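One structure below.
Printed below as a string of structure tokens:
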């Protein structure tokens with residue numbers, strides 16, 4: 001049973017809180033009624049449990065009787081919840097689901113965007129409107145070239161040493177590059193196929209789910225670590241160069257359940273770029289796989305962006321950009337400050353839009 005559910009059942013009864021507090025202050029029900037400006041009979045009903053105060057009355061009772069507001073509010077909410085669900089056979093399950101939604105809704109309500117981030121998002125939206133006017137001029141060759149760059153850069157972030165030209169030869173010509181490992185060849189081929197897969201998902205416009213996520217990861221590690229491809233990790237992992245410690249393996253399944261719940265709750269509430277960045281950061285923070293977490297997280301981000309009509313946000317693999325990427329992630333993971341990471345992703349998306357519009361408009 002979760003802490004939230006335990007609280008529901010263990011909170012003090014509101015009627016006892018009210019009566020005890022009144023008696024400790026030496027007040028009669030008539031005096032409390034006069035001070036609050038309500039009928040004396042209501043006070044008696046509150047204390048007998050036959051009538052529930054309104055939220056406004058709870059605030060006033062808390063102040064007048066000097067009852068801790070949180071304690072009284074929890075007791076009041078508990079009784080409202082119990083009145084609604086009673087001892088229904090699905091009550092506990094409903095409470096657990098409600099807990100997750102409340103927690104994640106609270107997270108969203110706390111997400112205040114900086115002036116700088118809001119400015120970039122507005123610029124992105126203007127660029128997207130312009131992009132939409134160019135849709136009829138979409139070029140397969142341009143798209144193919146940009147997707148090749150994405151595969152090259154995403155793999156370069158993870159240490160793949162192939163050049164852009166070598167990546168092209170492996171993917172489009174089927175050549176083997178001397179001096180490059182089999183893994184590097186497979187990383188190029190697998191990532192390009194994963195792009196094709198998320199484009200299929202984009203066209204179907206289905207809501208992101210666990211099956212699709214595992215399928216993407218399966219493509220990324222296919223032939224590289226086949227026994228772990230498309231499967232959550234069973235061992236503890238560490239992120240090289242980071243102080244963030246991913247959750248223990250026995251927590252991964254639960255963390256991923258909450259990951260998808262968060263997505264369902266927020267997919268139509270947040271700006272698409274913020275939603276995509278959040279899903280990227282949250283997945284790589286959970287680090288649910290033995291390997292391939294970064295590539296999979298970036299693919300999930302770009303799937304969400306493309307589903308909403310945006311372009312692939314291609315994070316470069318050069319040292320300076322890679323360090324900025326890692327440092328902003330580290331700050332989000334260890335200090336719970338996502339501002340730099342959200343700005344980083346938004347800036348990448350803006351640059352992708354500007355570049356594509358410039359190319360297609362020539």
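In the working numbering, the protein residues as written are 1 to 362. The C-beta atom is built at its ideal place from N, Cα and C for all residues, glycine as well. Remember, it's a predicted structure, so these values are computed and weren't measured experimentally.
Span separating the alpha-carbon of residue i from that of residue j
i: residue 169; j: residue 162; result: 10 Å
i: residue 400; j: residue 157; result: Outside the modelled stretch of the chain, which goes from 1 to 362, sits residue 400, for which no answer is possible.
i: residue 75; j: residue 344; result: 44 Å
i: residue 81; j: residue 309; result: 41 Å
i: residue 136; j: residue 356; result: 14 Å
i: residue 89; j: residue 95; result: 12 Å
i: residue 28; j: residue 333; result: 54 Å
i: residue 109; j: residue 187; result: In this prediction, residue 109 scores a pLDDT of 48, lower than 50, which makes its location untrustworthy; the coordinate-derived value is nonetheless stated afterwards. Looking at the two C-alpha atoms, the distance is approximately 39 Å.
i: residue 73; j: residue 86; result: 19 Å
i: residue 130; j: residue 123; result: 11 Å
i: residue 338; j: residue 113; result: 10 Å
i: residue 40; j: residue 34; result: 8 Å
i: residue 224; j: residue 159; result: 15 Å
i: residue 299; j: residue 99; result: 29 Å
i: residue 236; j: residue 62; result: 47 Å
i: residue 215; j: residue 230; result: 6 Å
i: residue 119; j: residue 259; result: 28 Å
i: residue 167; j: residue 97; result: 45 Å
i: residue 182; j: residue 176; result: 9 Å
First and last residue of the uninterrupted alpha helix (DSSP H) at residue i
i: residue 19; result: 14-24
i: residue 196; result: 182-204
i: residue 344; result: 339-360
i: residue 309; result: Looking at the DSSP string, residue 309 is not in any alpha helix (DSSP H), and its letter there is neither H nor E.
i: residue 250; result: 249-266
i: residue 323; result: 319-335
i: residue 285; result: 272-286
i: residue 314; result: Where residue 314 is concerned, there is no enclosing alpha helix (DSSP H), given that its DSSP letter is neither H nor E.
i: residue 224; result: No alpha helix (DSSP H) holds residue 224; DSSP gives it neither H nor E.
Whole-number beta carbon distance between residue j and residue i, since they are thought to touch under 8 Å
i: residue 329; j: residue 341; result: 6 Å
i: residue 198; j: residue 302; result: 7 Å
i: residue 84; j: residue 14; result: 15 Å between Cβ atoms; not a contact.
i: residue 217; j: residue 292; result: 6 Å
i: residue 360; j: residue 178; result: Wrong, their Cβ atoms sit about 36 Å apart, outside the cutoff.
i: residue 127; j: residue 312; result: Not quite, the Cβ-Cβ distance comes to about 14 Å (not below 8 Å), so this is no contact.
i: residue 117; j: residue 346; result: 6 Å
i: residue 43; j: residue 59; result: Not confirmed; about 15 Å, so no contact.
i: residue 233; j: residue 290; result: 5 Å
i: residue 288; j: residue 256; result: 6 Å
contact_flag[the region 273-280, the region 239-250] where n(CB pairs < 8 Å) is 3 or more: no
For the 8 Å Cβ check, are there 3 or more pairs between the region 205-214 and the region 189-196? These segments do not touch.
Which residue spans inside the region 17-71 form an unbroken alpha helix (DSSP H) run of at least 4? 29-36, 40-48 and 55-65, all fully within the region 17-71.
Flag this pair as touching only if the region 13-26 and the region 62-73 have three or more C-beta atom pairs under 8 Å; answer yes or no. Output reads yes: the region 62-73 touches the region 13-26.
The region 267-274 / the region 283-291 touching (three or more Cβ pairs under 8 Å): Below 8 Å, too few C-beta pairs join the region 267-274 and the region 283-291 to call them touching: fewer than three.
Give the list of continuous alpha helix (DSSP H) stretches no shorter than 4 residues that lie fully inside the region 114-186. 115-133, 140-157 and 164-172
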